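In my numbering, the protein residues as written are 181 to 558.
Everything on this sheet refers to the single structure shown next.
Here is the structure:
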């Protein structure tokens with residue numbers, strides 16, 4: 181072969197090699213045979229949605245935003261959840277106070293999440309928006325646990341009725357949960373695509389490392405859609421109860437100002453009521469479910485930070501992290517100390533788990549007795 185022939189062969193080889201690399205990147209088969217099956221299918225939108233990268237780790241990370249999910253913020257949220265579990269399962273008198281604290285926390289997290297995700301020019305990355313969404317989801321879970329505990333306490337036969345302000349607060353929490361679900365749906369379908377992507381594929385936790393921009397994204401969207409439906413139904417039911425209560429109160433000529441701000445009068449004197457022993461029935465299934473949800477939430481946040489190599493968020497060195505940390509720690513210490521003190525004095529008696537679920541007859545009986553009790557206390 182002459183010099184010209186060798187040069188022509190080398191040029192063809194180089195061109196074919198470059199073309200082969202380009203075709204592989206575009207997902208086209210490098211085979212020269214027409215109609216040959218492709219080893220790399222075209223990367224259409226549906227293919228990308230269900231494709232999971234072979235490389236499960238990414239060496240290229242970035243410095244995270246400690247103001248959103250720093251160590252102090254995360255520990256404060258974990259302690260807040262632990263306090264809710266303690267109040268719900270062991271110390272019912274603290275439920276109402278925890279509801280106020282959790283509602284404030286949930287509102288702050290929701291407003292912050294909406295603010296940072298509505299400003300994509302600030303450099304917020306998609307995985308950071310997902311972590312912020314996890315914190316909002318945690319607030320909704322905490323609120324749901326508290327409302328379930330308060331609802332079961334209200335419908336108990338030993339109760340004297342729920343103050344209307346608690347019903348209004350519960351309706352407000354349900355409305356906030358519906359707002360979080362609605363915004364989460366928008367974020368997963370539209371908002372997340374406006375944020376900055378990382379060099380490597382974003383990884384999320386679902387008992388293992390999964391691609392955030394894959395089937396997991398659609399799974400999360402379905403979960404938020406279901407949460408929106410449930411929150412809406414519960415909100416409508418709570419509104420019906422409030423409307424029925426207002427109608428019954430007007431029919432019985434109740435002092436609305438006293439009812440709204442003072443609740444239902446308890447004929448038991450304060451000194452006698454304070455000395456009464458409160459029997460708390462521990463539900464093993466409820467306690468286990470709460471602890472499992474907390475463990476999964478912690479694993480989801482911490483593993484997401486680790487798998488995406490997010491640095492700068494594992495120290496608590498500024499005020500923005502100390503503030504939520506101190507709030508969570510003081511709330512937990514206060515509720516735990518009060519519970520141990522009352523339990524030591526015999527004011528709290530823990531009972532083993534048993535079936536104490538509320539039935540439809542209990543609910544209807546309670547709703548019928550509410551106007552009668554209000555009339556007697558007027």
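Note that beta-carbon positions come from the ideal geometry of N, C-alpha and C, so glycine has one too.
From a predicted model like this one, the values you see are computed outputs, not experimental measurements.
Judged by DSSP in its simplified three-state form, residue 382 adopts coil rather than helix or strand. Pairing residue 392 with residue 297 gives a Cβ-Cβ distance that is not under 8 angstroms. Annotation: residue 515 to residue 379 spans about 45 angstroms, alpha carbon to alpha carbon. In the three-state reduction of the DSSP assignment, residue 274 falls in the helix class, which pools H, G and I. Exclusion of the five residues before and after residue 401 leaves 365, 368 and 369 as the residues of its chain whose Cβ lies within less than 7 angstroms of its Cβ. Residue environment analysis places residue 254 among the buried positions, since at least 16 neighbouring C-beta atoms fall within 10 angstroms of its C-beta.
For residue 397, the number of other beta carbons within 10 angstroms of its own is at least 16, and it is reported as buried. In the structure shown, residue 391 adopts extended strand secondary structure according to DSSP, grouped into three states. When rounded, the separation of the alpha-carbon atoms in residue 513 and residue 316 is 24 angstroms. Under the three-state reduction of DSSP, residue 525 is assigned to coil, being neither helix nor strand.
Ranked by Cα distance from residue 357, the options 410, 312 and 383 are led by 410. Of 475, 270 and 422, the smallest CA-CA separation from residue 349 is found for 422. Rounded to whole angstroms, the Cβ separation of residue 485 and residue 261 is 18 angstroms, and the two are not in contact under 8 angstroms. For residue 490, the beta-bridge partners assigned by DSSP are 242.
The stretch 281–290 makes no contact with the stretch 486–499, as fewer than three CB pairs between them are under 8 angstroms.
Looking at 478, 467, 499 and 408, the one whose alpha-carbon comes closest to that of residue 271 is 467. Contact between residue 494 and residue 251 holds, since their C-beta atoms are separated by about 6 angstroms, short of 8 angstroms. Per DSSP, the beta-bridge partners of residue 305 are 376. Between residue 319 and residue 505, the CB-CB gap reaches or exceeds 8 angstroms.
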